[in-house]
Amino acid sequence: RTVAQLEVEARQRVLKYYDAQFADQPDADEVLARYANVIANTYDPHTDYLAPQRKEEFDYQLTGRMDGIGALLHERDGLIYIEDIVPGSAAYRQGELKKGDAILRVAQGAAEPVSIEGWHANKAVPLIKGKKGTEVRLTVKKADGSTKIISIVRDVVVNEATYAQSAVITDPSGLKIGYLRLPVFYADFTGAGGRSSAEDVKKELAKLTAEGVQGVVFDLRENGGGSLRDAVDMAGLFIPSGPVVQVHDSHGTTSVLNDRDPRVQYAGPLVVLVNKHSASASEIVAAAIQDYRRGLIIGTPTTYGKGTVQRIIDLDETLPATLNSVKPLGSLKFTMQKFYRITGSSTQFKGVAADIVLPDVASDLDEGEQQADYALKWDEIKSASYRPWDAQPNYTQLEAHSKARVAANPSFRQLAAIVQSLRKRQVETVVPLQLDKFRARRHQLQTEAEKYEALQATA
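According to this note's numbering, the sequence shown is numbered sequentially starting from 696.
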């Protein structure tokens, strides 16, 4: 293609982009939410106004449960398409709604349908979701061009990927290692019969113990936190009774949160994997394991560094019945305490430092509490009284062996090269605009990205 042809195509793409941007004008509720969050975020980065829909999404992330039909949506060229169907959901069981279907109209039960053509997905979602047991009728356009009305009775949507999972990995020498992954510290915040992450981890550890594993790797990478109580109970699965974390409020009151169960669910060798996105409750567990010298913390040099505790208030409950017409108002999530390690040191701002550092692309990204506006600073309080684990690992020897393995491992060497290239890109201030040089640079970046994806696939 000629330069003139490329210019025409580029202009068409830019025009299409701006047409979509102008079509996506925020409504009054979105403007209010943005305005409220500008004010809320000046107190600290974790004080937020949660509009009703955002609160539902927040609850779903922390519980893995919500009412709806179980369809993931995306928008393209003015239509809303089914991106995927959640296995086991109402839409999955009904069977007629398929990936790739375009939703044209939505009706609540026997009511008149509402056209959602030209809508954005975030505005259509409230119409499609709804309380368990209610009916929604979707007029959809199929891949063959035909239209069909599909009736679905909403039910609880369960995201199994939210929950703790484990597996047994056997190496060539026959050593059996238990791998336990926890994506989020979920809990039954609403009292609707949801699951507890601490209880689920306890069950997974029992399974691994029954399999006769000789060590456990507890993966908290990408885990941004969740339930404080579950974090305390979960740390208690690996230690006898004692303090796990301290919380301190603005009035100067300090409370020590203790493991309530003197039993140790798992007493064998333990590794906790963390990265730059391990935050909050993940840092509580990692810090407790480290302070008790109970196991090794392995991963990026530090975790995220969120050492604050939030509470959520339903704003509807603060209004008298005479103002029901303005509901729903959403919720306010505000910071009420900071938490501290049992040593007295805060994880706020600094995070938890790994005992053994492994190469990771995230190590060099400008992410974490330190980059957040209005973040509370690090400080410390008095240490709690605790007794470290009796059988402690030889940290110096383990770190030396790890460095030797990393240096000899081809995958780690390749990852180290990618990290070095990323560091170079971060300080670049000049980008070539000549077409051939620009394409060469883009090709190099794409090649590096593909190498990293290949490494992740084999990890």
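Don't be surprised by glycine CBs; every beta carbon is placed ideally from N, CA and C.
- With a beta-carbon spacing of about 7 Å, V1101 and P1054 fall inside the 8 Å limit used to define contacts.
- With a 10 Å radius around the Cβ and a threshold of 16 neighbouring Cβ atoms, R989 comes out buried.
- Here D754 is actually not in contact with T857; their C-beta atoms are around 11 Å apart, not less than 8 Å.
- Boundaries of the beta strand (DSSP E) harbouring H769: A766 to R771, taken from the DSSP string.
- Here the region 964 to 982 makes contact with the region 1030 to 1046; the two share three or more CB pairs at distances below 8 Å.
- Where I872 is concerned, the enclosing beta strand (DSSP E) starts and stops at K871 to R876.
- The C-beta distance from S1041 to E1075 rounds to 6 Å, short enough to meet the 8 Å contact threshold.
- The alpha-carbon of A1067 is positioned some 15 Å away from that of G919.
- Contact between V911 and D954 is absent: CB atoms are separated by about 18 Å, not below the 8 Å threshold.
- Residue burial is scored here from C-beta neighbours: I864 has fewer than 16 other C-beta atoms within 10 angstroms and is therefore classed as exposed.
- Of all alpha-carbon atoms in T737, N1019 and T1003, the one lying nearest the alpha-carbon of G1046 is that of T1003.
- DSSP places T1013 in no alpha helix (DSSP H); its state is neither H nor E.
- Here L1110 has P1054, D1055, V1056, Y1147 and L1150 as same chain residues with Cβ atoms under 8 Å from its own Cβ, once five neighbours each way along the sequence are excluded.
- Per the coordinates, the alpha-carbon of P821 lies some 9 Å from the alpha-carbon of G763.
- Ranking Q756, M761, A786 and S1097 by CA distance to the CA of S892 puts Q756 first.
- Put simply, the backbone Cα of A731 is about 6 Å away from that of Y744.
- M761 is bridged by DSSP to V852.
- Per DSSP, D883 has no beta-bridge partner at all.
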